[in-house]
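Protein chains in written order, with this note's numbering: chain A, 6 to 119; chain B, 4 to 116.
Note that CB positions come from ideal geometry on N, CA and C, so glycine has one too.
Notes follow the structure.
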Amino acid sequence: DTAVSQTPKYLVTQMGNDKSIKCEQNLGHDTMYWYKQDSKKFLKIMFSYNNKELIINETVPNRFSPKSPDKAHLNLHINSLELGDSAVYFCASSQDGGTYNEQFFGPGTRLTVL
Amino acid sequence: SQKIEQNSEALNIQEGKTATLTCNYTNYSPAYLQWYRQDPGRGPVFLLLIRENEKEKRKERLKVTFDTTLKQSLFHITASQPADSATYLCALVMNTGFQKLVFGTGTRLLVSP
């Protein structure tokens, strides 16, 4: 009964490839997020969706495209992968987008671009 | 420029002592501040939230203070245990209509038996 799950856990790929990471939450939350944690462990917001609608879009290259088919799922597709995309990507959810809500994080997907 | 700084070096303390972690920020006006714990290979886990008009919040052995004048939050773990060893992240919550967390650099805490 995992609250926020991500697949795959590890992803190793070549530069220039296109890959996707999937995220699902079974908490009934309205809001979902994607974060990137770099090699120095710095965690930075990339995107946020509320009820399938994009509400936060940080300065992320447009090679990154999130898609939310329903409010329980938020996938991340990355085109033309670059070495600098290597990082751990975390999905998270919160009850709604209210400022007082805690966020629940998934286990992370470690992406390595060779 | 905007910055959120936590103790850059790892904090080593002995079991039973109180651990105090700092979170300092500049050029932000957060509505709330949250603290998360992150274990190696795992996602962050929420611990505590404190509002800008609250001075202090407690939960079991955890205590958080928030001083908007000093632009600082302190996170205390009393009677620390080896199981408390982890990285602790502070996150500013911006009042932008929808929640946006801006994380600090994290502090690694090591509690020795």
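Under 9 Å by beta carbon: chain A residues contacting residue i
{"i": "B:Gln-37", "result": "Glu-107 and Gln-108"}
{"i": "B:Phe-78", "result": "By Cβ distance, chain A contributes nothing, its closest Cβ being about 15 Å from B:Phe-78, past 9 Å."}
Own chain, CB closer than 7 Å to residue i, minus 5 neighbours either side, in chain order
{"i": "A:Ile-50", "result": "Tyr-38, Tyr-40, Ile-61 and Glu-63"}
{"i": "A:Pro-112", "result": "Gln-11 and Lys-14"}
{"i": "A:Phe-110", "result": "Val-9, Phe-95 and Ala-97"}
{"i": "A:Asp-120", "result": "Absent from the structure is residue 120 of chain A, since the part of chain A shown begins at 6 and ends at 119."}
Distance, residue j Cα to residue i Cα
{"i": "A:Asn-31", "j": "B:Glu-12", "result": "37 Å"}
{"i": "A:Gly-21", "j": "A:Asn-84", "result": "7 Å"}
{"i": "B:Lys-58", "j": "A:Gly-102", "result": "24 Å"}
{"i": "B:Leu-52", "j": "A:Leu-88", "result": "36 Å"}
{"i": "A:Thr-7", "j": "A:Cys-28", "result": "11 Å"}
{"i": "B:Glu-18", "j": "B:Ile-80", "result": "11 Å"}
{"i": "B:Leu-77", "j": "A:Phe-95", "result": "26 Å"}
{"i": "A:Asp-23", "j": "B:Ser-83", "result": "45 Å"}
{"i": "A:Ser-25", "j": "A:Lys-57", "result": "18 Å"}
{"i": "A:Tyr-54", "j": "B:Gln-102", "result": "11 Å"}
{"i": "B:Glu-55", "j": "A:Phe-69", "result": "34 Å"}
{"i": "B:Lys-62", "j": "B:Gln-37", "result": "13 Å"}
{"i": "B:Ala-89", "j": "B:Lys-66", "result": "17 Å"}
{"i": "B:Asn-15", "j": "B:Arg-64", "result": "18 Å"}
{"i": "B:Asp-70", "j": "B:Leu-95", "result": "13 Å"}
8 Å Cβ cut-off: residues of chain A touching residue i
{"i": "B:Thr-90", "result": "Lys-46"}
{"i": "B:Thr-108", "result": "Lys-45, Lys-46 and Phe-47"}
Amino acids of chain B, ordered along the chain, whose beta-carbon sits closer than 7 Å to that of residue i
{"i": "A:Ile-187", "result": "With chain A running from 6 to 119 in the structure shown, residue 187 of chain A is simply not present."}
{"i": "A:Gly-102", "result": "Phe-101 and Gln-102"}
{"i": "A:Pro-112", "result": "Arg-45 and Gly-46"}
{"i": "A:Asn-55", "result": "Phe-101"}
Per-residue contacts from residue i into chain B (C-beta, under 8 Å)
{"i": "A:Ser-73", "result": "Correct list: empty, because the minimum Cβ distance to chain B is about 15 Å."}
Identity of the residues DSSP links to residue i by a beta bridge
{"i": "A:Ala-92", "result": "A:Leu-116"}
{"i": "B:Glu-8", "result": "B:Asn-27"}
{"i": "B:Asp-70", "result": "B:Gln-75"}
Other residues of its chain near residue i: CB distance less than 6 Å, five sequence neighbours each side excluded
{"i": "B:Phe-49", "result": "Tyr-39"}
{"i": "A:Arg-115", "result": "Tyr-15 and Val-93"}
{"i": "A:His-78", "result": "Glu-29"}
{"i": "B:Lys-60", "result": "Leu-51, Ile-53 and Val-67"}
{"i": "B:Lys-6", "result": "Thr-29"}
Contacts that residue i makes with chain B (C-beta to C-beta distance below 9 Å)
{"i": "A:Ser-99", "result": "Gln-102"}
{"i": "A:Gly-33", "result": "Simply none; closest approach about 17 Å."}
The segment 44-62 of chain B: which residues have C-beta closer than 8 Å to a C-beta of chain A, in chain order? Listed by position along the chain: Gly-44, Arg-45, Gly-46, Pro-47, Val-48, Phe-49, Leu-52 and Arg-54.
Contact residues within the segment 6-27 of chain A, judged by C-beta distance below 7 Å to chain B: Residues of the segment 6-27 of chain A with a Cβ closer than 7 Å to any Cβ of chain B: none.
When you check each C-beta in the segment 74-96 of chain A against every C-beta of chain B, which residues fall closer than 7 Å? For the segment 74-96 of chain A, which is checked against every Cβ of chain B, the residues closer than 7 Å are Phe-95.
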